[in-house]
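If you're matching positions, the sequence shown starts at 348 in my numbering and goes up one per residue.
For reference, the structure discussed in these notes is given below.
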Amino acid sequence: MAPFNDITTPLSHLATRRSGKARDMVAPGPDAATLAHIVALGARTPDHGKLAPWRFIHVPHGARGALSALLRRAYGVEFPKAAGQDLSPLDQFAHQAPELIVLLSKPVIGAKIPAHEQYLSAGAAAMNLLHAAHAHGFVANWLTGWAAENRDVVAAFGGGADDKIIGYFFIGSPGKTLEERPRPQISDIFQTWDAGGL
Numbered sequence: 348m349a350p351f352n353d354i355t356t357p358l359s360h361l362a363t364r365r366s367g368k369a370r371d372m373v374a375p376g377p378d379a380a381t382l383a384h385i386v387a388l389g390a391r392t393p394d395h396g397k398l399a400p401w402r403f404i405h406v407p408h409g410a411r412g413a414l415s416a417l418l419r420r421a422y423g424v425e426f427p428k429a430a431g432q433d434l435s436p437l438d439q440f441a442h443q444a445p446e447l448i449v450l451l452s453k454p455v456i457g458a459k460i461p462a463h464e465q466y467l468s469a470g471a472a473a474m475n476l477l478h479a480a481h482a483h484g485f486v487a488n489w490l491t492g493w494a495a496e497n498r499d500v501v502a503a504f505g506g507g508a509d510d511k512i513i514g515y516f517f518i519g520s521p522g523k524t525l526e527e528r529p530r531p532q533i534s535d536i537f538q539t540w541d542a543g544g545l
């Protein structure tokens, strides 16, 4: 298992985590044991009812070509007028970064826990994946877009009618220096509730 990142406190970990662009990632990525640990940490998320309403699907290097073919096929079905277009961005998407985890939301329909809460649990698992990758000294990128919305692609990853792809999580080492992005001012996003009118 790869050594943990040199982050001395949980606060410094939270303050330094940021996403890196998947297309810029290079080897090494996490080895099998480290990747399993990242997923195990991802699963340590709020889960009302203990339903585990999410699945982590590893797409190994040997399956990246199959992923590319799946995306091309699904894109052609959804957009038949795209015949003849340059679909190389789909190939690039499928092959970028050393490692790839697809996170699938699988709500347990009929459970006492509302489906939207189960979906939020999957989102929390997604954030845990990003933090776990950072803690292990790697960079991660959570991507969605068309490839996460297409129903044929969702089905290919074992998703049913009520399931969704939360995202594609690319993990590797940064090939470029990560730049800090602008963050909102706390005064713009944090306020105290005035209950005086009640």
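Glycine is no exception: its CB is placed at the ideal position from the N, C-alpha and C atoms.
Taking Leu398 as the centre and dropping the five residues before and after it, the same chain places the C-beta of Val455, Ala458, Ile460, Gln465 closer than 7 angstroms to its C-beta, in chain order.
Note: Gly514 is bridge-paired with Leu450 in the DSSP secondary-structure output.
A Cβ-Cβ separation of about 6 angstroms places Ile512 in contact with Val449 under the 8 angstroms criterion. Contact annotation: Ala494 and Phe440 have beta-carbon atoms nearer than 8 angstroms. The beta carbon of Gln443 sits closer than 8 angstroms to the beta carbons of Ala369, Arg370, Met372, Phe517 from its chain, once the five residues preceding and following it are set aside; these are given in chain order. Within its own chain, the residues whose Cβ lies closer than 8 angstroms to the Cβ of Ala374, once the five positions on either side in sequence are excluded, are Pro445, Gly519, Ser520, listed in chain order. Distance from the CA atom of Asp541 to the CA atom of Gln532, rounded to whole angstroms, is 21 angstroms. Straight through space, the alpha carbons of Leu467 and Arg391 are spaced by roughly 14 angstroms.
Membership of Ile456 in any alpha helix (DSSP H) is not indicated, and neither H nor E is assigned to it by DSSP. Taking 8 angstroms as the cut-off, the Cβ atoms of Leu451 and Asp510 count as close. With contacts defined as CB atoms closer than 8 angstroms, Leu417 and Ala503 qualify as a contacting pair.
In the displayed model, Gly544 falls within a helix according to three-state DSSP.
Under the three-state reduction of DSSP, Ala444 is assigned to coil, being neither helix nor strand. Here Trp489 is bridged, per DSSP, to Phe516. Annotated three-state conformation of Pro407 is coil, per DSSP. Bounds of the alpha helix (DSSP H) holding Arg498 are 498-503. Excluding residues up to 5 positions away in sequence, Leu451 lie with their Cβ nearer than 6 angstroms to the Cβ of Gly506 in the same chain.
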